[in-house]
Amino acid sequence: MKRLLAVVLGVVLAATACTGGTAEQRLSVLASSELADLGPILDELRADTGIRLDLDLQGTVDAGTALTPGQYRHDLAWLSTDRYFQLKLRQSGFAGERPASTRIMLSPIVIGVKPAAAAALRSRHPDVTWADFADAAAAGTLRFALADPGRSASGLSALVGVATAAAGTGAALRPRDVACDRLRGFRAGQSLTADSSRELAALFTAHQGDADAVIGYESTLLSLNASGKLAAPLELIYPRDGIMQSEYPLLLLDPGKRAAYERVTEWLKRPETQRKIMDRTLRRPATEGVPLEPRLPKSVGTALYFPDDQEVVDKLLAYYADPRGRVPGHVLFVLDFSGSMRGGRIAAVRAAFDALTGAGAAEFERFYRGERITVIRFGGRILGERDFVADGPAGLAAVRGFLDAADFDSATAVWSALAHAYDRAAEFAKTEPVSIVLMTDGENNAGLSADEFLRRPTPSGVHTYAVRFGEADGAELGRVAQATGGRLTDATSTSLLDAFKETRGCR
384 MKRLLAVVLG
394 VVLAATACTG
404 GTAEQRLSVL
414 ASSELADLGP
424 ILDELRADTG
434 IRLDLDLQGT
444 VDAGTALTPG
454 QYRHDLAWLS
464 TDRYFQLKLR
474 QSGFAGERPA
484 STRIMLSPIV
494 IGVKPAAAAA
504 LRSRHPDVTW
514 ADFADAAAAG
524 TLRFALADPG
534 RSASGLSALV
544 GVATAAAGTG
554 AALRPRDVAC
564 DRLRGFRAGQ
574 SLTADSSREL
584 AALFTAHQGD
594 ADAVIGYEST
604 LLSLNASGKL
614 AAPLELIYPR
624 DGIMQSEYPL
634 LLLDPGKRAA
644 YERVTEWLKR
654 PETQRKIMDR
664 TLRRPATEGV
674 PLEPRLPKSV
684 GTALYFPDDQ
694 EVVDKLLAYY
704 ADPRGRVPGH
714 VLFVLDFSGS
724 MRGGRIAAVR
734 AAFDALTGAG
744 AAEFERFYRG
754 ERITVIRFGG
764 RILGERDFVA
774 DGPAGLAAVR
784 GFLDAADFDS
794 ATAVWSALAH
804 AYDRAAEFAK
814 TEPVSIVLMT
824 DGENNAGLSA
834 DEFLRRPTPS
844 GVHTYAVRFG
854 EADGAELGRV
864 AQATGGRLTD
874 ATSTSLLDAF
884 KETRGCR
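Residue numbers (our numbering): 384 to 890.
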């Protein structure tokens, strides 16, 4: 009898060791919120290994911010990406041992677009870029849903994609590459937002008429298409100018749990587990040799570089979240129409405005939906003045038409014209952000002097961005621009369009 009891006890102990039984081990995991869909997979992990993962679901950026060496409150972290966390470690000067990291699965950040909107995008370029998408948003022809970049990795990755396209360097963004004006047009198209990609998918499903596109994980958008809840399946666009890939690394925060961590990662990386994850969540396998599900294209294009400078990320988030940028701005263009502007010079001005109004290639610097524009033409006096709103092709065409005037003047009253612009700006600045762009090719020979202008009171926060063209006095223009909080751009050494782009700065 004793021998039989010992055998039975041995079998029970062996079964307990294999399945976890009553000796279940629990690990606390700080996890990206979209990992809630892994519940059934984690139930199988628990059954097979005896290890239970308790997920504390948060937005990825929030989670990365909460991870501080020496103050970890979880055993593991499982994020859609740990790039933000690794950047934080590097910038803090942390010299200790970094958490072990194992890549578990992958999903690129892509754009899901309704069929009609996708056709419109592809009519411009067959291979759509982030620049094309941002341009359509600025023009008011496309509205999109995006998770909050300050909390969600998918939202932050989209900002990196747009800003990288705007910089045009093809390299990791540097602080000087990030300009708030280049994000404003893109942001003008955002119509829906949520704290996480999971919440965003639910919001878009409930308000499909409020957006033409959704930016998010490939897996999330494919799952939306498979849900049967959309009026029409979304077409997934993989921007040609770069893709940010989420790799869902599992991080070991508590070294004392290494044995359990290794059992978990070994189980998750098994080919059979990877197939289950792919079949159930449409995330790509991280283990080589696992055939892709048919809906997952083999190639997603070139990879984007995540910024390696915390200042870049801080600027992206600050500019996008700035409440002042939520109100469409107002730009007053004060343009010299003195006689010296006839011919090639006025042609350059008109070509620049063609680009800014969408008839040329200005993309990130173009006027965006809702933005207000006032054009003041001057010589020795005000020759013409008109207000416009960037509310569609007709309104922008009217801006170009206004510049077709041929009533040039023999004198140049630069500072009187700028004083008039400030009188107008004082009205507008009560309700909206305002800036002034002054362009001249000659020296002031009528009306107020620069010193007389500078003695006049001007509304707070309204800056002058001066553009020097031809023989204009750069020193005097620069002095006045600086006094108003603006700056001087020299169009004698670059194209006028590039000079105007420089003036589309933050207000």
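Note that the Cβ used here is the ideal one computed from N, Cα and C, for glycine as well.
Under the Cβ criterion (8 Å, minimum of three pairs), the region 686-696 counts as touching the region 550-563.
By the beta-carbon neighbour count (other beta carbons within 10 angstroms, threshold 16), residue 463 is buried. Judged by beta-carbon spacing, residue 804 lies beyond the 7 Å limit of residue 831, meaning their Cβ atoms are not closer than that value. Check the Cα spacing between residue 711 and each of 436, 614, 585 and 567: the tightest is with 567.
When DSSP reads this structure, residue 668 sits in a beta bridge with 488. Burial state of residue 549 is buried, judged by a 10 Å Cβ sphere holding 16 or more other Cβ atoms. One thing to note: residue 663 has its Cβ no nearer than 7 Å to the Cβ of residue 602.
Here the C-alpha atom of residue 482 lies approximately 32 Å from the C-alpha atom of residue 622.
Secondary structure at residue 467: helix, using DSSP grouped into helix, strand and coil. When the Cα atoms are used, residue 658 and residue 673 turn out to be separated by approximately 7 Å. Burial is judged here by how many other beta carbons sit within 10 angstroms of a residue's own beta carbon; residue 538 has at least 16 and is buried. At the C-beta level, residue 842 and residue 809 come within 7 Å of one another. Annotated three-state conformation of residue 632 is strand, per DSSP. Listed in chain order, the alpha helix (DSSP H) runs fully inside the region 538-580 are 563-570, counting runs of at least 4 residues.
Distance from the CA of residue 489 to the CA of residue 632, rounded to the nearest whole angstrom, comes to 9 Å. Contact between residue 497 and residue 595 holds, with the beta-carbon distance rounding to 5 Å and staying under 8 Å. Measuring C-alpha to C-alpha distances from residue 844 to each of 836, 814 and 835 identifies 814 as the nearest.
Annotation for residue 591: no alpha helix (DSSP H) segment contains it, and DSSP assigns it neither H nor E. The count of Cβ pairs closer than 8 Å, one atom from the region 499-519 and one from the region 406-426, stays below three, leaving the stretches out of contact.
Burial state of residue 540 is buried, judged by a 10 Å Cβ sphere holding 16 or more other Cβ atoms. Boundaries around residue 870 are those of the beta strand (DSSP E), 870-873, since no alpha helix (DSSP H) includes it.
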